[in-house]
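In my numbering, the protein residues as written are 4 to 97.
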């Protein structure tokens, strides 16, 4: 039997309902204070992460999955959302 990777967990129907409630309350509280939800891509240009943590750190070399897209550009699955959020916050909303 293949198990979920260490540190991850499948959320089953009974648990999803609880998460939906927590997310709803968090969203409502955030909106009262002027914050709104954004969704960021699951991958970004590799340069974003190299700039944020340095090209030779353990995070870049060991903890990120990097590959080339069809256009030959280096892209990386995001290890966390900090860099993505900073990129988004520095881009005007169209």
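Glycine residues also receive a C-beta, built at the ideal position from the N, C-alpha and C atoms.
Since this is a predicted model, take the numbers as computed values, not measurements.
Run of the alpha helix (DSSP H) containing residue i, from where it starts to where it stops
i	result
residue 23	16 to 35
Residue i, enclosing beta strand (DSSP E) - first and last residue
i	result
residue 47	46 to 48
residue 71	69 to 71
residue 79	77 to 80
Residue i vs residue j beta-carbon contact at 8 Å
i	j	result
residue 67	residue 80	yes
residue 78	residue 39	no
residue 15	residue 22	no
Three-way DSSP call (helix, strand, coil) for residue i in this model
i	result
residue 54	helix
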